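Structure first, then comments.
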Amino acid sequence: SFSRQGPNARPHPRFRSCNLAQQFPHFTDFRLDSRLIRALGHLGLDTPTDIQQDAIPVVLAGHDLMASSKTGSGKTLAFLLPALHRLLKTRALGKRDPRALILAPTRELARQVFGQLRALTGGSGLDIALLLGGENFNDQLKTLRKQPQVIVATPGRLANHLDARSLLLHNLELLILDEADRMLDLGFAPQLEQIHQAADHRRRQTLLFSATLDHAEVDHMATRLLKAPKRVAVGEAH
Ligand code: ADP
Ligand code: MG
């Protein structure tokens with residue numbers, strides 16, 4: 031759940047010294063869809079964290095992105111806000127297929143992302159779904175028949191659904207890899223490759239988040255999956 035401590039328990043951005051991205055001191059400065067601004071208001075959030083300040087404009091500009099910052103720095107909203115903005119502002123490429131897929135390494139991390147997604151999409155008209163390994167496959171088939179536009183999943187289970195042809199990704203507009211370094215450490219490279227292949231078209235935007243970009247396998251995966259990515263690293267010399 032959201033807390034006002036953590037990332038925001040720090041001096042007002044005006045008094046911080048060494049952040050170059052000072053032009054977005056409030057979430058309203060990003061000109062996000064009003065439904066997102068309203069949801070942020072309900073959550074009591076007004077000031078973006080450093081990674082959010084740096085990453086959100088890059089994603090809104092349509093670029094692929096590789097981003098890193100430490101745990102607890104607010105990476106989830108750094109991808110959810112601009113991704114949802116794009117979905118709310120543009121027409122779907124396909125009528126029935128998912129528009130955005132967010133992959134996380136573990137069930138617990140996927141649940142946390144889904145919680146923030148649900149908090150932002152309530153009343154927006156976007157249907158969302160959570161597909162975790164270890165849960166009933168047939169129940170997930172029923173969920174998929176409702177044609178959710180945004181899916182949060184663990185890579186293994188999502189690959190199982192591709193194998194079963196229970197969903198198609200050929201109109202996917204956004205592919206987001208959260209904690210990519212951990213997904214690769216857990217051996218999910220083949221599933222990520224399979225998902226990439228299933229969703230490979232030129233209008234896809236791909237975002238990769240990681241605790242570190244200084245990871246050979248992450249670099250290799252990014253070369254395969256991302257197109258001319260911008261790099262944003264907070265708190266690291268990159
Ligand atoms: P990370 O993925 O970088 O580890 P999270 O996205 O999980 O971090 O965010 C950590 C916590 O900080 C969450 O409870 C989240 O709700 C909160 N948070 C995120 N962005 C902000 C913000 N701009 N202001 C206040 N709290 C925030
Ligand atoms: Mg995270």
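For the sequence shown, the residue numbers in full-length UniProt numbering are 31 to 268. For each residue, glycine too, the CB sits at the ideal point set by N, CA and C. Predicted model, so just to flag it, every value in this text is computed and none were measured.
What does DSSP give as the partner residue(s) for residue i in the beta ladder?
i    : result
A194 : According to DSSP, which records beta bridges pairwise, A194 is partnered with nothing at all.
Relative to the alpha-carbon of residue i, which residue among the options has its alpha-carbon at the smallest distance?
i    : options                  : result
P185 : K176, L139 and P178      : L139
H245 : R175, D211, A189 and R61 : D211
Q224 : L238, K172 and D193      : D193
L243 : S99, F60, V89 and G74    : S99
R121 : I181, D215, L70 and L156 : L156
R195 : A85, A69, D127 and A134  : D127
Q177 : R187, L197 and G164      : L197
So, helix, strand or coil for residue i, using DSSP?
i    : result
K119 : helix
S99  : coil
L255 : helix
V262 : strand
L205 : strand
D80  : helix
D211 : helix
F32  : Low confidence applies to F32: its pLDDT is 43, below 50, so where it sits in the model is not reliable enough to give any reading.
L62  : coil
P55  : coil
A91  : coil
D127 : coil
G71  : helix
H250 : helix
Is it buried or exposed for residue i, if we count other Cβ within 10 angstroms and need 16 for buried?
i          : result
E203       : buried
T79        : buried
E247       : exposed
F167       : exposed
residue 12 : The structure shown does not extend to residue 12, since the chain spans only 31 to 268, so no value can be given for it.
R129       : buried
P220       : exposed
L258       : The sequence shown places Ala at residue 258, not Leu. Answer is exposed; the Cβ neighbour count stays below 16.
A91        : exposed
G71        : exposed
V264       : buried
For residue i, decide whether its Cβ has a neighbour in chain B, counting only Cβ atoms nearer than 8 Å.
i   : result
G71 : The chain labelled as chain B is not found in the depicted structure, where only one protein chain is given.
Give, in chain order, every unbroken run of the beta strand (DSSP E) that is at least 3 residues long and sits entirely within the segment 129 to 203.
Within the segment 129 to 203, complete beta strand (DSSP E) segments of at least 3 residues are found at 130 to 133, 158 to 161 and 180 to 183, given in chain order.
Segments assigned alpha helix (DSSP H), at least 4 residues, entirely inside the segment 215 to 244
219 to 228
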